[in-house]
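Under my numbering, the first residue of the sequence shown is numbered 1453, with each subsequent residue one higher. The C-beta atom is built at its ideal place from N, Cα and C for all residues, glycine as well. Keep in mind it's a predicted model, so treat the numbers as computed, not measured. Each remark here refers to the structure printed beneath this line.
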Amino acid sequence: MMRRDLTLNRRRIVVGALGATAAAALATVFAGPASATPESAKQLLQTLAKGDPKEGRVSVKAPEIAENGNAVPVTVSVESPMTEKDHVKAVHIVADGNPNPGVASFFFTPASGKAEVQLRVRMAQTQKLIAVAEMSDGTLWSAAREVKVTIGGCGG
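Here's what the structure looks like:
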């Protein structure tokens, strides 16, 4: 049976420290802060809801200026009779400046009665919120709202 020498010496400590430093440096270089772009938000919406949405029937209510981006109140509503033949199947919300563009998806049935959601979105910077509604007949409707996020009263 072969026995390994597991004692610490200066050379092992230096080599280990250099390896840890190199790993941390590589992680910093390759794992920089991610940020969605208008293009990545558009691609995500095309994945969630196939087709080109038309503007209308959807409204996005959010403050024009949010002094605290930690919890921006947002209301998305869709004009629909919510009947068996004409109802909202899903609402997808994306933000084009968050690290991950997908904010939330909500699913409805005619029994929902009303196609409206209220949520709070964390936003680190000024960006556009986009909502797309999928209807029971396959059509897509959308609306967008830009929210300016300020920190201490300064525009961002």
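Euclidean distance between Cα positions of residue i and residue j
i: leucine 1478; j: glycine 1549; result: In this prediction, leucine 1478 scores a pLDDT of 45, lower than 50, which makes its location untrustworthy; no coordinate-derived value is stated.
i: arginine 1572; j: leucine 1500; result: 21 angstroms
i: threonine 1561; j: valine 1526; result: 22 angstroms
i: valine 1510; j: glycine 1554; result: 18 angstroms
i: methionine 1575; j: proline 1490; result: 15 angstroms
i: isoleucine 1582; j: glycine 1503; result: 15 angstroms
Counterpart residues of residue i in DSSP-defined beta bridges
i: serine 1594; result: Glu1507 and Val1584
i: lysine 1494; result: Bridge partners of lysine 1494: none, in fact.
Proximal residues to residue i (C-beta, below 7 angstroms), its chain only, five neighbours per side dropped
i: glycine 1508; result: Trp1593
Selection from the options that minimises the alpha carbon distance to residue i
i: asparagine 1522; options: Met1587, Lys1513, Gln1577 and Leu1497; result: Gln1577
i: valine 1569; options: Ala1563, Ser1557 and Lys1506; result: Ser1557
i: valine 1528; options: Gln1579, Asp1504 and Ala1596; result: Ala1596
i: glutamate 1441; options: Val1512, Lys1600, Thr1602 and Asp1589; result: Absent from the structure is residue 1441, since the part of the chain shown begins at 1453 and ends at 1608.
i: valine 1601; options: Val1512, Gln1498, Pro1505 and Glu1516; result: Glu1516
Residues of its chain near residue i, where Cβ-Cβ distance is below 6 angstroms and the 5 sequence neighbours each way are ignored
i: phenylalanine 1559; result: Ala1542
i: lysine 1580; result: Asp1548, Ala1596 and Glu1598
Same chain only: Cβ atoms within 8 angstroms of residue i, ignoring 5 sequence neighbours per side
i: glutamate 1586; result: Ala1501, Val1540, Lys1541, Ala1542, Val1543, His1544 and Leu1592
In the region 1552-1588, which residue ranges form an unbroken beta strand (DSSP E) of at least 3 residues, counting only runs that do not cross its ends? Listed in chain order, the complete beta strand (DSSP E) runs (minimum 3 residues) inside the region 1552-1588 are 1554-1559, 1568-1573 and 1579-1587.
Which whole runs of the beta strand (DSSP E) in the region 1505-1546 are 3 residues long or more, in chain order? DSSP runs (the beta strand (DSSP E)) wholly in the region 1505-1546: 1510-1513 and 1524-1530.
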